[in-house]
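Undergrad:
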Amino acid sequence: MSLRRQITTLVRFELRDELRGGEVALVVIPFAVIALLTIPMAIGIDTPLLERIGPGIYWSIVMLFGVLVTQRHSSLAPAAARDMLRLSGVDPAARFVATTLATFLLLLGFEVGAGLATVILYDPSLSSWWWLAALLPLTAAGLAMIGTIGGNLVAGLEGRTSLAPLIVVPIAVPLLLGAAQATEGLRVGAGILRWVLLLAVVDTVLALAGVLTARPLEESAT
Amino acid sequence: MRARPLDLAAIGTLATAFIAGLVVPPDAVQGDLQRIMYVHVPSAWLAYLSFTVTLVGSVVYLRVRSLRWDRLAGASAEVGVVFTGLALATGMIWGKPIWGVWWTWDARLVLTAVMFFVYLGYLALRRSFDDPEIRAHRSSVLGVVAALQIPIVHFSVTWWRGLHQPPTILRPDNPQIDTPLLFALLMAVAAFTVVFAALVSRRVELTAAEDAARRPDDTDATAGSAISAPIVGGATS
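First to last, the protein sequences are chains A and B. Okay, so the first sequence: first residue is 838 according to this note's numbering, each after it adds one. Okay, so the second sequence: first residue is 5 according to this note's numbering, each after it adds one.
Here is the structure:
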């Protein structure tokens, strides 16, 4: 089976699993909306302030709740399933790309859902909205790759549910900075190209690291 | 445990740097408070150095699959986390009288704290495995990915305008620091570097001993060793 075929089969499998379980749509997105609702209660009902900080809160929510998307049940295949894929000769790099792609698509959906909630609740004013067409996929891709690598690092461990966020969230901070600074640039009408470039560079480094380290991670499967 | 030349060198250079830091004149603006820089700056330097060594150890392990490189990466990260914590703590102690706050939302500060937590996660991951080979495989991957933070922390003072001062010594034009103060600072950097080498070397040895202790003893655990020959017909053993 070609590499491309392996990837498309695995992506379809992961997305079908999500479609059946609805973990992102029915659990993570509503949970994120609850967070978006409760933050103004904690910092006070100051509409101009909320309008100003809304995009920053949105990106924080994307990063923190995005970890839940990357560590969802379907992406953490049980040991037996991993063994079966390994014995079937599925390329470890194909597995990395497939899980990343599936997570990327789900994260993109999550970003759009949480973004709509942010627009409704915080009413942020951004110039050049079209830049979001680049920012959302770049951030989702980076977070998906970090999440996939992090998920593979903690696979099979008893404390993986607490260890995975500790590994994933700090490493994802450059993505948060790039996305939040770019959105702030859009808010005040400043140039954001260097932040978009930062996101692109981080994504490229992560893609290389993910593909090149897929085999060692596969070899260390417990 | 016997003291080795590297340990003695660490103690000697540290004592010399300590004396140098005390005898140089105080800073014209900050007074004696500036002397904390002789701990803060070398600690921050060691943070970069140690995490770079972790990156190198991880990459080389993934290439040659020798556990000694993984031990080097882990030892360096462990020492690096201690010195990153020291850099953060001394920065806060210095910041309170100078900036008026223990903590400020400066890019360098925040990203250094994030780097601290990245490597805490790295150490937590290492501790999750009993098998040295599995530990080495997984932590090497994280050692490579985590290094993404290092350039971002370094360039943060240039990318964001914050309170933290831009580079004083490592700048393209002349260093903006008086010669005696620069001398004391460089002495401290050298001393901390030797201390780092001594600590990492000891930690590598300790990890090797831990790995050896975890390894099952082949002489005890042979198949069937629990079975003894039956005693028949009133024979004595």
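Note that CB positions come from ideal geometry on N, CA and C, so glycine has one too. Quick caveat: nothing in here was measured; it's all calculated off a predicted structure.
If you measure from the beta carbon of alanine 1046/A to each beta carbon in chain B, is any gap under 7 Å?
TA: For alanine 1046/A, the answer is yes, since a Cβ of chain B falls inside 7 Å of its Cβ.
Undergrad: Kindly confirm or deny that the stretch 963-972 of chain A and the stretch 24-41 of chain B touch, where touching means at least three C-beta pairs closer than 8 Å.
TA: The stretch 963-972 of chain A, when compared against the stretch 24-41 of chain B, does not touch it at the 8 Å Cβ threshold.
Undergrad: Below 9 Å on C-beta distance, what does serine 54/B contact in chain A?
TA: Under the 9 Å cutoff, chain A gives no residues; its nearest Cβ is about 17 Å from serine 54/B.
Undergrad: With DSSP as the reference, please indicate the residues paired to aspartate 31/B in a beta bridge.
TA: Looking at the DSSP assignment, aspartate 31/B forms a beta bridge with Gly35/B.
Undergrad: With DSSP run on the structure shown, which of helix, strand or coil describes glutamate 1092/A?
TA: This structure cannot speak to residue 1092/A, because chain A is shown only from 838 to 1059.
Undergrad: What first and last residue would you give for the alpha helix (DSSP H) that runs through proline 1011/A?
TA: Start and end: 1010-1025.
Undergrad: Is there contact between the stretch 186-199 of chain B and the stretch 49-66 of chain B, where contact requires at least three CB pairs shorter than 8 Å?
TA: Touching, yes.
Undergrad: Got a sec, what are the start and stop residues for the alpha helix (DSSP H) valine 60/B sits in?
TA: Element bounds for valine 60/B: 41-68.
Undergrad: For alanine 981/A and valine 956/A, I'd like the C-alpha separation in whole angstroms.
TA: Straight-line Cα distance between these residues: approximately 24 Å.
Undergrad: Could you tell me which uninterrupted beta strand (DSSP E) segments, each at least 3 residues in length, are contained entirely in the stretch 99-135 of chain B, listed from first to last along the chain?
TA: Counting only runs of 3 or more, we get nothing.
Undergrad: My output table needs one value for methionine 96/B: the three-state DSSP class, helix, strand or coil.
TA: Helix, per DSSP.
Undergrad: Hey, alanine 930/A and isoleucine 898/A are a contact pair by Cβ (cut 8 Å); roughly how many whole angstroms apart?
TA: At roughly 31 Å, the Cβ-Cβ gap does not stay under 8 Å, so alanine 930/A and isoleucine 898/A are not in contact.
Undergrad: Taking the continuous alpha helix (DSSP H) assigned at valine 204/B, which residues delimit it?
TA: Residues 183-218.
Undergrad: If valine 906/A and threonine 940/A are in contact, beta carbons under 8 Å, what's the gap, nearest whole angstrom?
TA: Sure, about 6 Å apart at Cβ, within 8 Å.
Undergrad: If you draw a straight line from the C-alpha of arginine 131/B to the C-alpha of isoleucine 138/B, how long is it?
TA: Approximately 11 Å, taken between the alpha carbons.
Undergrad: Assuming valine 85/B and phenylalanine 120/B are in contact, meaning their beta carbons sit under 8 Å apart, how far apart are those beta carbons, in whole angstroms?
TA: Yes, valine 85/B and phenylalanine 120/B are in contact; Cβ-Cβ is about 7 Å, under 8 Å.
Undergrad: So that I know if they touch, is there some Cβ in chain A lying closer than 7 Å to that of serine 132/B?
TA: Answer yes: the Cβ-Cβ gap between serine 132/B and chain A drops below 7 Å somewhere.
Undergrad: Report yes if the CB atom of threonine 58/B is closer than 7 Å to the CB atom of glycine 147/B, and no otherwise.
TA: Yes. Within cutoff.
Undergrad: Keeping to the same chain, check which residues put their C-beta closer than 7 Å to that of leucine 18/B; ignore five residues upstream and five downstream.
TA: Excluding residues within five positions, the ones whose Cβ falls inside 7 Å are Ala195, Val199.
Undergrad: With a threshold of 6 Å on Cβ separation, who are the neighbours of arginine 8/B within its own chain once the five nearest residues in sequence on each side are excluded?
TA: Hits under 6 Å: none found.
Undergrad: Who are the Cβ neighbours of glycine 987/A in its own chain at under 6 Å, not counting the five residues just before and after it?
TA: Around glycine 987/A: Ala1001, Ile1004, Val1005.
Undergrad: Select from Ala1016/A, Leu852/A, Glu948/A, Ala978/A the residue whose C-alpha is nearest the C-alpha of glycine 893/A.
TA: For glycine 893/A, the nearest C-alpha among the options comes from Ala1016/A.
Undergrad: Any heavy atom of the ligand NAD within a distance shorter than 6 Å of the CB on glycine 996/A?
TA: What this structure holds is no ligand at all, so the ligand NAD is not there to describe.
Undergrad: Classify arginine 849/A as buried or exposed, calling it buried when 16 or more other Cβ atoms lie within 10 Å of its own Cβ.
TA: So arginine 849/A counts as exposed.
Undergrad: Mind checking if glycine 61/B is an interface residue toward chain A, Cβ cutoff 7 Å exclusive?
TA: It does not: the Cβ of glycine 61/B has no partner Cβ on chain A nearer than 7 Å.
Undergrad: Please name the residue, chosen from Leu945/A, Trp968/A, Val1048/A, Ala1019/A, that lies closest to phenylalanine 933/A on a Cα-to-Cα basis.
TA: That would be Val1048/A, whose Cα lies nearest to the Cα of phenylalanine 933/A.
Undergrad: May I ask you to report which of helix, strand or coil DSSP gives serine 999/A?
TA: If DSSP states are grouped into helix, strand and coil, serine 999/A belongs with the helices.
Undergrad: By the 10 Å Cβ neighbour count, where 16 or more other Cβ atoms means buried, how is methionine 191/B classified, buried or exposed?
TA: Burial call: buried.
Undergrad: Taking C-alpha atoms, which residue in Arg218/B, Ala111/B, Leu203/B lies nearest to isoleucine 15/B?
TA: For isoleucine 15/B, the nearest C-alpha among the options comes from Leu203/B.
Undergrad: State the CB to CB distance for the pair leucine 1036/A and threonine 976/A, rounded to an integer number of angstroms; the pair is presumed to be in contact (CB under 8 Å).
TA: Rounded, the Cβ-Cβ distance is 6 Å, consistent with contact.
Undergrad: How long is the line joining the alpha carbons of leucine 969/A and leucine 873/A, rounded to whole angstroms?
TA: Straight-line Cα distance between these residues: approximately 19 Å.
Undergrad: Should leucine 152/B be flagged as near chain A, meaning a C-beta pair shorter than 7 Å?
TA: Output row for leucine 152/B: interface = yes.
Undergrad: Please name the residue in His141/B, Ala117/B, Leu12/B whose C-alpha comes closest to that of isoleucine 154/B.
TA: The shortest C-alpha separation from isoleucine 154/B is found at Ala117/B.
Undergrad: Chain B beta carbons: is any one of them nearer than 7 Å to that of valine 870/A?
TA: No - not a single Cβ of chain B is within 7 Å of the one on valine 870/A.
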